[in-house]
Amino acid sequence: MKFGILVNEGPYQHQAADTAFNFTKAALDKGHEIVRVFFYHDGVNNGTRLTTPPQDDRNIVNQWSELAKEHELDLVVCVAAAQRRGIVDEDEAKRHGKNADNIAEGFRISGLGQLIEMGIKADRLMAFGD
Amino acid sequence: MKFGILVNEGPYQHQAADTAFNFTKAALDKGHEIVRVFFYHDGVNNGTRLTTPPQDDRNIVNQWSELAKEHELDLVVCVAAAQRRGIVDEDEAKRHGKNADNIAEGFRISGLGQLIEMGIKADRLMAFGD
Amino acid sequence: MGNGAKKFMYVNRRAPYGTIYALEGLEVVLIGAAFDQDVCMAFVDDGVYQLQKGQDTAESNMKNFSPTYRALGDYEVTKLYVEKESLEQRGMSEDDLMELTYEDEDDDYQEKPSIRIVNRGELTDLMEQQDVILNY
Amino acid sequence: MGNGAKKFMYVNRRAPYGTIYALEGLEVVLIGAAFDQDVCMAFVDDGVYQLQKGQDTAESNMKNFSPTYRALGDYEVTKLYVEKESLEQRGMSEDDLMELTYEDEDDDYQEKPSIRIVNRGELTDLMEQQDVILNY
Amino acid sequence: MLHTINKSPFEKNSLDTCLRLAKPGSEILLLEDGVYAAVKGTAVEQQVMQALSDYTVYALGPDLKARGIEEKRLIDGIEVVGYDGFVDLAANSERVQSWL
Amino acid sequence: MLHTINKSPFEKNSLDTCLRLAKPGSEILLLEDGVYAAVKGTAVEQQVMQALSDYTVYALGPDLKARGIEEKRLIDGIEVVGYDGFVDLAANSERVQSWL
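If you're matching them up, the sequences are chains A, B, C, D, E and F in order.
Using my numbering, count along the first sequence one by one with no gaps and you end on 131.
Using my numbering, count along the second sequence one by one with no gaps and you end on 131.
Using my numbering, count along the third sequence one by one with no gaps and you end on 137.
Using my numbering, count along the fourth sequence one by one with no gaps and you end on 137.
Using my numbering, count along the fifth sequence one by one with no gaps and you end on 103.
Using my numbering, count along the sixth sequence one by one with no gaps and you end on 103.
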């Protein structure tokens with residue numbers, strides 16, 4: 002079965018970011034397909050490589066990056082939401098005259114259409130948020 | 002009178018970030034002193050210079066940077082909360098082996114002790130959050 | 002609308018301005034309109050406040066996005082279901098809501114109201130007919 | 002405690018894990034303990050869940066920060082007020098809470114309980130005695 | 004003592020808890036989504052009218068306007084203040100409790 | 004149809020709204036802070052017991068454990084599932100509504 006995953010909150014502040022990850026991992030373990038993971042609202046903050054959580058805690062960003070590598074997941078950060086919150090890749094940095102970017106490995110920035118497309122392609126859309 | 006301002010949520014997601022700014026501005030307009038503005042929890046996300054909100058909307062980060070410049074405000078981002086969420090200055094980037102920083106003009110990263118000190122020095126501590 | 006169109010329902014349960022969900026949720030609906038699916042919106046709980054007339058954000062310095070709801074008809078988003086019980090709990094009636102309309106291309110482009118007041122049972126039935134439900 | 006000490010109350014109203022406020026709120030209390038102020042904590046509404054015994058986060062992959070509450074006594078944070086009404090609403094009693102103690106240096110270092118169950122009226126009076134109230 | 008409530012009374016329990024724990028004679032300021040509690044004819048109207056006998060209740064004008072709430076729709080006795088009035092309320096109270 | 008609730012019933016109105024609008028016969032999964040609704044003896048116990056006659060109610064085990072809630076404290080009839088059970092519930096329902 003094909004799942005689409007929507008993540009609406011950032012890392013650590015709300016458990017939603019953890020639940021989304023745990024659900025995705027469990028779905029993959031059961032042999033389901035993940036069409037895409039779409040990060041919206043504060044969820045875009047899961048896509049920064051600049052976090053350094055305490056060593057005795059989980060690293061939410063790295064967990065996604067590693068899972069994406071292992072399973073070729075498509076991790077998409079919404080461009081409009083990312084602009085409001087300061088999540089930027091090299092192209093976006095250039096386009097807006099920023100002298101740094103912060104996108105994490107395995108994430109890409111794209112439009113809201115990717116969320117709709119995910120809803121069309123997936124058999125089930127799972128939303129995780131506050 | 003001396004006010005301390007605590008901001009617990011990031012820009013745009015919650016109105017708390019706006020209310021904190023509007024309160025601070027009104028207090029300054031009335032001649033009060035702002036001991037410090039302390040950004041905690043997701044509030045640290047107000048301190049990134051990488052945002053590019055839509056042109057017809059307010060720029061929350063720049064508003065703080067400009068108000069800080071005009072009134073010599075002390076804008077402090079909590080280091081522990083910032084590490085979890087990826088807000089980094091040059092020193093922090095170096096310390097954690099990150100190849101970029103994203104702190105905005107007028108903000109500095111420091112410890113939680115600055116929040117307690119603000120509570121001690123201020124006549125009133127105002128908390129804004131979710 | 003193509004044969005393979007899915008039924009999308011956007012459920013709005015939050016007040017505007019206190020959080021960004023209403024505004025960014027509306028952005029999804031507008032983008033989604035280009036995908037030729039069968040779209041409707043539901044306004045439940047504090048979500049009914051999104052449609053309140055006369056919003057004016059000048060003094061609070063936020064972006065007033067309420068005019069965007071008027072554009073929904075042009076994007077062929079024409080079914081806005083508002084739960085009656087949620088309005089009543091808040092002391093509101095249809096008169097408190099913006100007048101939102103669309104031109105019905107199947108009926109000589111007559112202007113028709115987009116807002117439809119439904120009771121909880123009707124909303125339950127509508128939810129059961131959807132393929133995708135997005136909740137803000 | 003110095004003469005110029007201020008009275009700080011940390012009011013905890015959120016459950017642990019669902020949001021980070023409980024964990025990061027606790028970090029404030031621990032850091033604040035170094036400042037030699039008159040500190041207390043209040044647990045109200047879902048905040049009482051923070052003190053629930055037997056928390057185990059292994060399967061949910063979050064950090065279990067509940068052992069930190071046991072360290073509060075060593076930091077001289079010895080007044081943890083738990084609202085009776087909040088416990089009752091949740092079907093809980095003091096037996097459901099972790100046993101938290103401190104050594105009373107004014108009473109021959111006897112081990113004493115840190116948790117004090119108070120009713121709403123007592124909590125109201127305590128709040129009125131504070132200089133700074135921080136709410137998570 | 005000033006208490007602030009920034010949550011809708013229909014969504015969250017902040018108003019309930021504030022009214023349970025605030026000492027009679029205190030000031031209560033409704034702001035952000037909290038201002039919806041100030042409106043006549045809602046399911047919490049009785050609770051707010053009762054509160055008016057124990058507390059002085061204010062609502063933040065800019066937040067009322069943003070949400071399209073005209074002052075004539077407010078429960079009698081609730082005073083409207085701006086951000087400057089909010090600052091005055093905080094300055095004139097001995098302490099502030101934000102029921103976040 | 005699967006409904007999920009991730010909010011404490013004492014803090015937010017998600018449980019109320021879900022029970023008002025979910026069709027009888029649906030599945031309801033309590034997770035994150037939503038699992039507190041599953042406990043015996045609380046102020047919402049009657050509401051949840053009533054719900055059990057109309058719905059199948061599940062609670063997410065890892066979230067119960069994190070919060071120190073032993074299974075013996077759960078209202079009779081509530082089934083505990085893990086993340087794998089959550090995936091099955093979603094896969095076996097025609098659609099999912101998250102009452103965020």
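Glycine included, C-beta positions come from ideal geometry on N, C-alpha and C.
Small disclaimer: the values here were computed from a predicted structure and weren't measured.
Practice task
With distances taken Cα to Cα, identify the nearest neighbour of methionine 93 of chain C among E:Ala46, E:Gln100, E:Lys10, E:Ala69.
Solution key: Closest option to methionine 93 of chain C, Cα to Cα, is E:Ala46.
Problem - Local conformation of arginine 125 of chain B per DSSP, three classes - result: Under the three-state reduction of DSSP output, arginine 125 of chain B falls in the strand class.
Exercise for the section: Starting from the Cα of asparagine 47 of chain B, find the closest Cα among B:Lys26, B:His33, B:Cys79 and give me that residue. Expected result: For asparagine 47 of chain B, the nearest C-alpha among the options comes from B:Cys79.
Problem - Inter-residue Cα distance where the pair is tyrosine 41 of chain B and isoleucine 32 of chain D - result: Distance between tyrosine 41 of chain B and isoleucine 32 of chain D, taken at the CA atoms: about 14 Å.
Exercise for the section: Counting only the same chain and skipping the five closest in sequence on each side, list residues whose C-beta sits under 6 Å from that of alanine 69 of chain A. Expected result: Scanning its chain for C-beta atoms nearer than 6 Å, with the 5 sequence neighbours on each side dropped, one finds around alanine 69 of chain A the residues Leu76, Gly107, in chain order.
Practice task
Just the C-alpha distance for tyrosine 39 of chain F and threonine 20 of chain E, rounded to the nearest angstrom, thanks.
Solution key: In a straight line, the C-alpha of tyrosine 39 of chain F is about 18 Å away from that of threonine 20 of chain E.
Exercise for the section: Determine the chain A residues that contact leucine 22 of chain F at a beta-carbon separation under 8 Å, and present them in chain order. Expected result: Within chain A, no residue comes near leucine 22 of chain F; the closest Cβ sits about 19 Å away, beyond 8 Å.
Exercise for the section: Would you mind telling me which residues of chain F sit closer than 9 Å to asparagine 23 of chain A, beta carbon to beta carbon, in chain order? Expected result: Neighbours of asparagine 23 of chain A on chain F, chain order: Pro65, Tyr86, Phe89.
Problem - Helix, strand or coil at histidine 42 of chain A [DSSP, three-state] - result: Helix.
Practice task
Can you say whether histidine 97 of chain A is buried or exposed, counting buried as having 16 or more other CB atoms within 10 angstroms of its CB?
Solution key: With fewer than 16 neighbouring CB atoms inside 10 Å of its own CB, histidine 97 of chain A falls in the exposed class.
Handout entry: Residue burial classification, tyrosine 110 of chain C (beta-carbon count within 10 angstroms, cutoff 16)
Key = With fewer than 16 other Cβ atoms inside 10 Å of its own Cβ, tyrosine 110 of chain C counts as exposed.
Exercise for the section: Could you list which residues in chain B have their beta carbon closer than 8 Å to that of isoleucine 21 of chain C, in chain order? Expected result: Result: Tyr13, Gln14, His15.
Practice task
Reducing DSSP to helix, strand and coil, say where phenylalanine 24 of chain A ends up.
Solution key: Under the three-state reduction of DSSP output, phenylalanine 24 of chain A falls in the helix class.
Problem - Alpha-carbon spacing of leucine 74 of chain B relative to proline 54 of chain A, whole angstroms - result: Cα to Cα, the separation comes out at about 28 Å.
Problem - Closer than 8 Å to chain B by CB, alanine 41 of chain E - result: Not a single CB atom of chain B sits nearer than 8 Å to the CB of alanine 41 of chain E.
Problem - Within chain A, partners of asparagine 62 of chain D - CB distance below 7 Å - result: The contacting residues are Asp19, Asn23, Arg59.
Exercise for the section: Compute the distance between the beta-carbons of glutamate 60 of chain D and lysine 15 of chain F, then report whether it is under 8 Å. Expected result: In this structure, glutamate 60 of chain D sits away from lysine 15 of chain F, with a CB-CB distance that is not shorter than 8 Å.
Exercise for the section: Output, in chain order, the set of chain F residues within a Cβ distance shorter than 8 Å of proline 114 of chain D. Expected result: Simply none; closest approach about 19 Å.
Exercise for the section: Report the residue ranges of all beta strand (DSSP E) runs contained in full by the segment 32 to 95 of chain C; include only those spanning at least 3 residues, in chain order. Expected result: The qualifying runs are 39 to 44, 81 to 84.
Exercise for the section: For arginine 91 of chain C, count neighbouring Cβ atoms within 10 angstroms of its own Cβ and tell me buried if that reaches 16, exposed if not. Expected result: With 16 or more other Cβ atoms from the protein chains shown falling within 10 Å of its own Cβ, arginine 91 of chain C counts as buried.
Handout entry: Completely contained alpha helix (DSSP H) runs for the segment 40 to 94 of chain F, where each covers 4 or more residues
Key = Here the runs fully enclosed are 48 to 57, 64 to 69.
Handout entry: Contact under 8 Å by Cβ, alanine 25 of chain F with leucine 77 of chain F
Key = Not in contact: alanine 25 of chain F and leucine 77 of chain F (Cβ atoms no closer than 8 Å).
Handout entry: Reduced DSSP secondary structure (H/G/I, E/B, other) of leucine 32 of chain E
Key = Annotated three-state conformation of leucine 32 of chain E is strand, per DSSP.
Problem - C-beta contact flag for valine 40 of chain C and valine 78 of chain C at 8 Å - result: Contact annotation: valine 40 of chain C and valine 78 of chain C have beta-carbon atoms nearer than 8 Å.
Practice task
Using a Cβ-Cβ cut-off of 8 Å, state whether arginine 98 of chain E counts as contacting chain C.
Solution key: No, its Cβ sits nowhere closer than 8 Å to a Cβ of chain C.
Practice task
Could you tell me which chain F residues have their CB closer than 7 Å to the CB of asparagine 16 of chain E, listed as they occur along the chain?
Solution key: Near asparagine 16 of chain E (Cβ distances below 7 Å), the residues of chain F are Phe13, Glu14.
Problem - Same chain, Cβ closer than 8 Å to arginine 1 of chain A, five either side skipped, listed in chain order - result: Any question about residue 1 of chain A goes unanswered here, given that chain A covers just 2 to 131.
Problem - Contact list for methionine 42 of chain D against chain E, beta-carbon separation under 7 Å - result: Chain E residues near methionine 42 of chain D: none, gap ~14 Å exceeds 7 Å.
Practice task
Confirm, please, whether the CB-CB distance from serine 115 of chain D to glycine 55 of chain D is below 8 Å.
Solution key: No, they are not a contact pair.
Handout entry: methionine 127 of chain B vs alanine 93 of chain E beta-carbon contact at 8 Å
Key = The answer is yes: Cβ separation under 8 Å.
Problem - Strand pairing of serine 11 of chain E, partner residues [DSSP] - result: Beta-bridge partners assigned by DSSP to serine 11 of chain E: none are found.
Problem - Per-residue DSSP class, three states only, for arginine 14 of chain D - result: Assigned with DSSP and collapsed to three states, arginine 14 of chain D falls in coil, not helix or strand.
Practice task
Could you say if the segment 43 to 55 of chain C and the segment 4 to 12 of chain B meet the contact criterion of at least three C-beta pairs nearer than 8 Å?
Solution key: Because the criterion of three Cβ pairs below 8 Å is not met, the segment 43 to 55 of chain C and the segment 4 to 12 of chain B do not touch.
Handout entry: Buried/exposed call for alanine 54 of chain F, threshold 16 Cβ in 10 Å
Key = Label assigned to alanine 54 of chain F: buried.
Handout entry: Start-to-end residues for the beta strand (DSSP E) that takes in arginine 109 of chain A
Key = Counting along the chain, arginine 109 of chain A sits inside the beta strand (DSSP E) bounded by residues 108 to 111.
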